[in-house]
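What follows is a single structure, written as structure tokens, with notes after it.
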Amino acid sequence: MYKLLVVDDETTVRTGLQSYFNWSSFGIEILGEADDGDVAFEMIEREAPDLVLTDVRMPNMDGITLARLINEHYPHVKIIFVSGHDDADYLKSAMKVSAVDYIFKPVNLEELSAVLKRVVSDLDEQRAEQQRKEELQVRLKEGMPVLREKFLLSLINGGLQNRDIQERVQFLELSLPEESSYWVIDIAVDDLTELISVRSERDRQLLWYSILNICQELIDSHMGGYVFEHHTGEYAGILRMSMDSEGLGDAAEQLLELAGRIRDNLERWLKIGVTIGISDGVTGLGSLSHCFKQAREAVNHKWYLGKNRVITMDSLEHPEQGSGCSSRYEFIYNEELTSALKAADTGKLQEVLGSIFADLNRNRPDGLKYGRNVCMQIFLAAGQLLLELNMQSDELEAAEAAVWESLLDRETLGEMKHILEAYLLAACERIGEKRTGKVANLVERVRAIIERDYADGSLTVTDIGREVFLTPTYVSLLFKQESGQTVGEYMTQVRVEKAKEMLRDPQYKFYDICYAIGYTDPSYFTKLFKKMTGVTPSVYREKHV
2 MYKLLVVDDE TTVRTGLQSY FNWSSFGIEI LGEADDGDVA FEMIEREAPD
52 LVLTDVRMPN MDGITLARLI NEHYPHVKII FVSGHDDADY LKSAMKVSAV
102 DYIFKPVNLE ELSAVLKRVV SDLDEQRAEQ QRKEELQVRL KEGMPVLREK
152 FLLSLINGGL QNRDIQERVQ FLELSLPEES SYWVIDIAVD DLTELISVRS
202 ERDRQLLWYS ILNICQELID SHMGGYVFEH HTGEYAGILR MSMDSEGLGD
252 AAEQLLELAG RIRDNLERWL KIGVTIGISD GVTGLGSLSH CFKQAREAVN
302 HKWYLGKNRV ITMDSLEHPE QGSGCSSRYE FIYNEELTSA LKAADTGKLQ
352 EVLGSIFADL NRNRPDGLKY GRNVCMQIFL AAGQLLLELN MQSDELEAAE
402 AAVWESLLDR ETLGEMKHIL EAYLLAACER IGEKRTGKVA NLVERVRAII
452 ERDYADGSLT VTDIGREVFL TPTYVSLLFK QESGQTVGEY MTQVRVEKAK
502 EMLRDPQYKF YDICYAIGYT DPSYFTKLFK KMTGVTPSVY REKHV
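Residue numbers (our numbering): 2 to 546.
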């Protein structure tokens, strides 16, 4: 409902307007009446009407003066003049003070209805427009975090003109004064591929939110600034120190302390590692894109410095990049690696690998991509040699696929070296076994160990590999290739055969047999025995005793 104030110095007019017109049909209620302009204005200040229906001529304050006051203080209020004087001067004055219409006395109800229809329509439009503005304000407020993040991303990605920055900072209500000193940090989650692969989408989103929350709380408690997501698993922080703070030396200490606490808290509470790069400091917001490039460059150096550390720009060495690094690998190391593999010379193989990775470490500006490419070349060369020596198998191909995938996922030079070295040493051993005819002997040694220690329920391939001085993967690969069984399958076979022997002797109780062959769960042993023989242990005993 809209509220109306009736102003007229004639009592009969006021009474007639209230009594003989259906205001509610237009959605209007009369909040009161006044007999003069000065009284009316006091009521307007107190009651805040939407409409004022006022006489033009009144003794103390006329309608024109009242209208001017209304327009000055309450411009949204609609004014309709009513007058018994057909006076052109008054009509002109009424129009100058933005009256919406002018009705002559005696009031014609049909004319009043037509005027009110237009006025209410205008009020409806104004109210709808006001509602739209209020809704937009609410949406703007709700969307403010997104707008802020978009602006901060533009700051570090260089998408803004300097003249636009402060205006947008004020609009977004960000505490980023132009005169402050700023740094940018880049927080990169280590082992991102592995981290994502073991989590559901819900768990991933909870993790990203938790990272932001922890980082922002620490930034607020140490320096000031904002942290936000740049890419999946990567977060940028704009850190602020005001001009009245102490010197840059103190700032550097605060930065390192903050970065260290971020790393330690994420490791403690979320069980994740992060590498944090810190840029040089600048004054003002215009150079933050350069700072972000520095911070990212610092993080990228984890490929040779290692993960889960804080890296500053001034801590990085910048050696001159050696020329022809790719050529040295292609024409020198490739041939030496192939020779060491063919000769099954593990010592020479490790020596050549050491030289390759030492060169990669010296040529740091080439970065992770170059290091990974070199590792791929070495891996492919070894695979080609095994193919030429007719040593490929389904098991070996599966192992190679796992190595290839691991090399693509690794983030540091040390990790790639470890994976590649393990693969090449296994290939070297395989080649050596084939050249010396020791594979069959190895299988027999593995069988002998199992037949000797089958009663040990904790016996594993790792234990067997340790005794024959080979890796568990290599032992499993050779045993399957030569015998057609896995080590586990042969171990089960030996235990079941021993169980059969003991079941044929009535003096042994069933649970004693189970423990004697290395099983602690009789129910599991029963299922396994039936799977291997087709009958339960009790049925087997009945048939053979």
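C-beta: ideal position from N, C-alpha, C; glycine also. Predicted, not measured: the structure shown is a model, and the values here were computed from it.
Report the three-state DSSP secondary structure of residue i (helix, strand or coil).
i: arginine 241; result: strand
i: isoleucine 451; result: helix
i: tyrosine 103; result: strand
i: alanine 344; result: coil
i: histidine 291; result: helix
i: lysine 308; result: coil
i: threonine 313; result: strand
i: glycine 278; result: strand
i: aspartate 63; result: coil
i: glutamate 55; result: Glutamate is not the amino acid found at residue 55; the sequence shown has threonine there. In the structure shown, threonine 55 sits in a strand (DSSP, three-state: E or B).
i: valine 469; result: helix
i: glutamate 412; result: coil
i: isoleucine 273; result: coil
i: tyrosine 75; result: coil
i: tyrosine 475; result: helix
i: valine 108; result: coil
i: glutamate 483; result: helix
i: leucine 32; result: strand
i: valine 283; result: strand
i: glutamate 179; result: coil
i: tyrosine 236; result: strand
i: tyrosine 371; result: helix
i: asparagine 550; result: Look at the range of the chain in this structure, 2 to 546, and you will see that residue 550 is not part of it.
i: leucine 267; result: helix
Excluding the 5 residues flanking residue i on each side, which residues of the same chain have their C-beta closer than 6 angstroms to its C-beta?
i: isoleucine 29; result: Tyr3, Leu5
i: glutamate 502; result: none
i: alanine 500; result: Ile514, Ile518
i: glycine 282; result: Ser182, Trp184
i: glutamine 217; result: Val228
i: valine 300; result: Asp187, Ala189, Thr276, Gly278
Locate the alpha helix (DSSP H) running through residue i, then write down its first and last residues.
i: aspartate 513; result: 511 to 517
i: aspartate 36; result: From DSSP, aspartate 36 is part of no alpha helix (DSSP H); its letter is neither H nor E.
i: threonine 12; result: 12 to 20
i: lysine 499; result: 488 to 504
i: leucine 549; result: This structure cannot settle anything about residue 549, because the visible part of the chain is limited to 2 through 546.
i: isoleucine 81; result: Careful: isoleucine 81 lies outside any alpha helix (DSSP H), inside the beta strand (DSSP E) at 79 to 84.
i: arginine 525; result: Reading the sequence as shown, one finds tyrosine at residue 525 and not arginine. Looking at the DSSP string, the run of the alpha helix (DSSP H) that includes tyrosine 525 is 523 to 534.
i: aspartate 457; result: From DSSP, aspartate 457 is part of no alpha helix (DSSP H); its letter is neither H nor E.
i: asparagine 163; result: 163 to 172
i: histidine 545; result: 538 to 545
i: glutamate 150; result: 145 to 158
i: leucine 193; result: 193 to 198
Report the CB separation of residue i from residue j in whole angstroms; it is logged as a contact under 8 angstroms.
i: valine 497; j: isoleucine 451; result: No, valine 497 and isoleucine 451 are not in contact; Cβ-Cβ is about 13 angstroms, not under 8 angstroms.
i: serine 182; j: alanine 296; result: The pair is not a contact, with the Cβ atoms about 15 angstroms apart (cut-off 8 angstroms).
i: valine 488; j: serine 477; result: 6 angstroms
i: isoleucine 220; j: leucine 177; result: About 13 angstroms; that fails the 8 angstroms criterion.
i: valine 78; j: proline 50; result: 6 angstroms
i: isoleucine 312; j: glycine 238; result: 14 angstroms between Cβ atoms; not a contact.
i: glycine 261; j: aspartate 192; result: In fact, because the Cβ distance is near 20 angstroms, the residues do not count as touching under 8 angstroms.
Roughly how many angstroms separate the alpha carbons of residue i and residue j, rounded to a whole number?
i: isoleucine 432; j: lysine 308; result: 35 angstroms
i: glutamine 206; j: threonine 493; result: 44 angstroms
i: leucine 342; j: alanine 383; result: 8 angstroms
i: asparagine 391; j: lysine 435; result: 11 angstroms
i: aspartate 102; j: threonine 13; result: 22 angstroms
i: arginine 133; j: glutamine 127; result: 10 angstroms
i: leucine 338; j: leucine 317; result: 32 angstroms
i: valine 228; j: isoleucine 166; result: 18 angstroms
i: serine 222; j: histidine 302; result: 28 angstroms
i: arginine 373; j: valine 147; result: 37 angstroms
i: isoleucine 188; j: glycine 278; result: 7 angstroms
i: valine 540; j: tyrosine 455; result: 24 angstroms
i: threonine 233; j: arginine 203; result: 14 angstroms
i: asparagine 214; j: leucine 196; result: 19 angstroms
i: glutamate 543; j: glutamine 508; result: 14 angstroms
i: serine 20; j: isoleucine 65; result: 26 angstroms
i: glutamate 389; j: lysine 532; result: 41 angstroms
i: arginine 200; j: threonine 194; result: 11 angstroms
Hey, quick one: how far does the beta strand (DSSP E) through residue i stretch, first residue to last?
i: isoleucine 188; result: 182 to 190
i: leucine 231; result: Just to set this straight, residue 231 is histidine in the shown sequence, not leucine. That run of the beta strand (DSSP E) goes 226 to 232.
i: leucine 5; result: 3 to 8
What does a CB cutoff of less than 7 angstroms around residue i pick up in its chain, not counting 5 residues either side in sequence?
i: valine 116; result: Ile81, Asp102, Ile104
i: phenylalanine 152; result: Arg169, Leu173
i: leucine 381; result: none
i: glutamine 162; result: none
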